[in-house]
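Residue numbers (my numbering), protein chains in the order written: chain R, 38 to 179; chain S, 268 to 658; chain H, 906 to 1153.
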């Protein structure tokens, strides 16, 4: 039995080299059994990554315009298909959710309304859901 | 640097207040000190202490020796561990005629043992402590305090480490090495790496609290340590600013200690054989609520936060009434009592007097090893407990 | 009346891969999670290592994770986290190096706490009814490390000071008995990239704190002070920090 190869010896436990935990990004996405405020944190991470991905896809989609008029027609067909409209709704959810929660983070993070940060989350997310429903209907009908 | 002492190595068994204070005193005098503790520091008796820094007034009538010890150590600890304790004093409250009858004896006891005190009427006491029972007739203020035992052990050990001591938690003594009638070291089990190895020393100190008898038997000797548990209940809410004691002969549930946002009622007393795991008797818990409520009616009604029990290491013979066993300490030099060299047991006592216990023990050790090394722990200010993790 | 409760404990000894051991205990439902762990050590497996001392939430040493959430097992009743026949998954605190089983190394955490130089005794007790004479009492924070374990930023950035040290800084800059230069030094540590600006308002620290410290709220309060000072500077006004700390 030998001491392991970890770099640092513990001062409180002489002769022992504790196992370091390393950077654990999975801790950003574990909302279950956690406080509701943590859901806001997860929402912002997930939506943020989603929006970055959207940005890339947006560039790809716009590049269709280089294909002239035929390219433009293909583009319109693609972007008005039900699948794409659904993705648009998901995108809208991400924007509204990330945006409104971001508003909460900006307020609380500047030291304002800190005692109401949980209530703020509930209120803003309710508004988000309402806006999303309206927006979703508009996307599919307009 | 005491070159005489540094020639000798001492192994201390037990990382509670006794062991920690002994290790600190040894290291301060220049001995090569190693301390082994089978769990986390203060995970035995000391950790689950009532956290009361005794003024000694509790013993000033029936056990004046103990009382004088306490008030002296109380003052010393304030000096060597500054900014580590709630120092709002304590009140001894009388809520009935029997208590009032005890009061003159109490006051006399304080006078004789040199404990500073101040008398208050029931009304004045209730102005100081609004949650006190309406039945409070009178009260006497004494310099009680509140400390945290684990942090105290860590303060002793941080200082000891600074002076060169080696502190090994999660290291359990499995046996003692002997050469003839001399203890030469211990066979220890590293519970983290799950391996056994040997530690040798010129002298071994048995400071294992209620387990002192188990350790002593490894050297073939017996020590009269009786594990004597008591129940304590930490209640939600800081219902008193000062320690509240009952003005009577020491009895169960007659102290309420405030700590942060809680009030801790204690304690009771019974004997067990095995101190490793002790079931908490429900009737003792109810007794705490009931007795505590006699002084602060709310305290038995708020939600309990933590209910705990641990065995005190009292010195006595088994079968003797627990309350009769004196809470003084004793250092056994086994060369004198049992013809076993190189082995000293220190047992009994209370955390408030840990430093004094260590002074006595290390004086005995210095004598045995014929080393000229006076005790300096009365005046040496301890390092912060945080340094335990950093040195 | 006892329940049968299963403990699934994350074990680790140096040189061995981490594994999970399962133990069944018969325990009364109002006993605590820590009582169960102690029973396992006493009667089933003496190699089990865990930290504990006071058993009443004042030393802060026993903290670990039960069923995914940080708790102080010495004050959590079995019946409040599980039913009869249920399972308790016990793991050591996240983001701390593991020494053995449930024992973690608090060294790096106390290094950060030491940087804050915060005393554990506060000069006035915050009791509403009492005249606040010369009283003192222990600060609420018991340095248990649960907030550090719950914080997702601490999990990914070891340089981030973390909730407990920042909350300590918040307490120390309010105290009139601490010298100016100490406060200045601490403010500089705190108003930095690895200090209060690193927080992403997950507020898990406040949620798990067993001692009403509200580190999340304290960090936000520090931000309010820092932001107010930035604005003051922009407007050409003199920056003002609590109790006379001047921005250099």
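Ideal placement from N, C-alpha and C gives every residue a C-beta, glycine not left out.
Can you confirm whether residue 51(R), when its beta carbon is compared against all beta carbons of chain S, has any partner nearer than 8 angstroms? yes
To the nearest angstrom, report how far apart residue 1046(H) and residue 1021(H) are at their CA atoms. 13 angstroms
Is residue 473(S) helix, strand or coil when you go by DSSP? strand
Inspect the beta-carbon positions of residue 496(S) and residue 580(S) and report whether they are closer than 8 angstroms. no
Quick check on residue 54(R) - is its C-beta less than 8 angstroms from some C-beta in chain S? no
Could you spell out the range, first to last residue, of the beta strand (DSSP E) harbouring residue 908(H)? 908 to 916
For a test of the three-state rule: what should DSSP assign to residue 1091(H), helix, strand or coil? helix
Where residue 537(S) falls: helix, strand or coil (DSSP): coil
Secondary structure of residue 463(S), DSSP reduced to three states: strand
Since I believe residue 1129(H) is in contact with residue 147(R) (beta carbons under 8 angstroms), could you give me their beta-carbon distance rounded to a whole number of angstroms? 6 angstroms
How many Å lie between residue 631(S) and residue 333(S) at the Cα? Their backbone Cα atoms lie some 20 angstroms apart in a straight line.
Host alpha helix (DSSP H) of residue 371(S) (start-end): Residue 371(S): member of the alpha helix (DSSP H) spanning 364 to 380, first to last residue.
Under the assumption that residue 620(S) contacts residue 337(S) (Cβ atoms under 8 angstroms), give the Cβ distance between them as a whole number of angstroms. 6 angstroms
Run through DSSP, which three-state label would residue 326(S) get? helix
I believe residue 1060(H) touches residue 61(R) by the beta-carbon criterion, under 8 angstroms. Please report the beta-carbon distance rounded to the nearest angstrom. The C-beta separation of residue 1060(H) from residue 61(R) comes to about 5 angstroms, placing the pair in contact by the 8 angstroms criterion.
Can we say the stretch 1074 to 1092 of chain H touches the stretch 1052 to 1059 of chain H, given the rule of at least three CB pairs closer than 8 angstroms? no
Residue environment, residue 177(R), which counts as buried when at least 16 other CB atoms sit within 10 Å: exposed
C-beta neighbour in chain H for residue 154(R), strict 8 angstroms: Among the residues facing chain H, residue 154(R) is included, as its CB has a counterpart in that chain under 8 angstroms away.
I need the boundaries of the beta strand (DSSP E) containing residue 522(S), first residue and last residue. 522 to 526
Mind checking residue 651(S): buried by the 16 CB within 10 Å criterion, or exposed? Counting every other CB atom within 10 Å of its CB across the protein chains shown gives residue 651(S) a total of 16 or more, marking it as buried.
Going by beta carbon distance, what residues of the same chain come within less than 6 angstroms of residue 173(R), once the five residues before and after it are set aside? So the list reads 126, once near-sequence residues are dropped.
Would you identify the three-state DSSP class for residue 405(S), choosing helix, strand or coil? If DSSP states are grouped into helix, strand and coil, residue 405(S) belongs with the strands.
Going by the beta-carbon positions, is the gap between residue 292(S) and residue 648(S) smaller than 8 angstroms? no
Classify residue 463(S) as buried or exposed, calling it buried when 16 or more other Cβ atoms lie within 10 Å of its own Cβ. exposed
Just the C-alpha distance for residue 1048(H) and residue 965(H), rounded to the nearest angstrom, thanks. 6 angstroms
Residue 943(H) (DSSP reduced to helix, strand or coil): helix
Please list the residues of the stretch 90 to 112 of chain R that have a C-beta atom closer than 9 angstroms to any C-beta atom in chain H, keeping them in chain order. none
Residues near residue 469(S) by beta carbon distance below 6 angstroms, same chain, minus five either side: Here the set comprises 275 and 276.
Partners in chain H for residue 309(S), counting only beta-carbon separations shorter than 7 angstroms: 958
What residues are listed by DSSP as bridge partners for residue 580(S)? 494(S)
Do the stretch 59 to 75 of chain R and the stretch 115 to 129 of chain R meet, that is, are 3 or more Cβ pairs less than 8 angstroms apart? no
Beta-carbon proximity list for residue 130(R), same chain, < 7 angstroms, skipping 5 on both sides: 169
Can you tell which of 56(R), 76(R), 57(R) and 85(R) has its C-alpha closest to the C-alpha of residue 136(R)? 85(R)
Taking the C-alpha atoms as reference points, what is the distance between residue 403(S) and residue 420(S)? Rounded to the nearest whole angstrom, the C-alpha separation of residue 403(S) and residue 420(S) is 37 angstroms.
Continuous alpha helix (DSSP H) stretch holding residue 1054(H): start and end: 1051 to 1055
Evaluate residue 1064(H) with the Cβ neighbour count: other Cβ atoms within 10 Å of its Cβ, from every protein chain shown; 16 or more gives buried, anything less gives exposed. exposed
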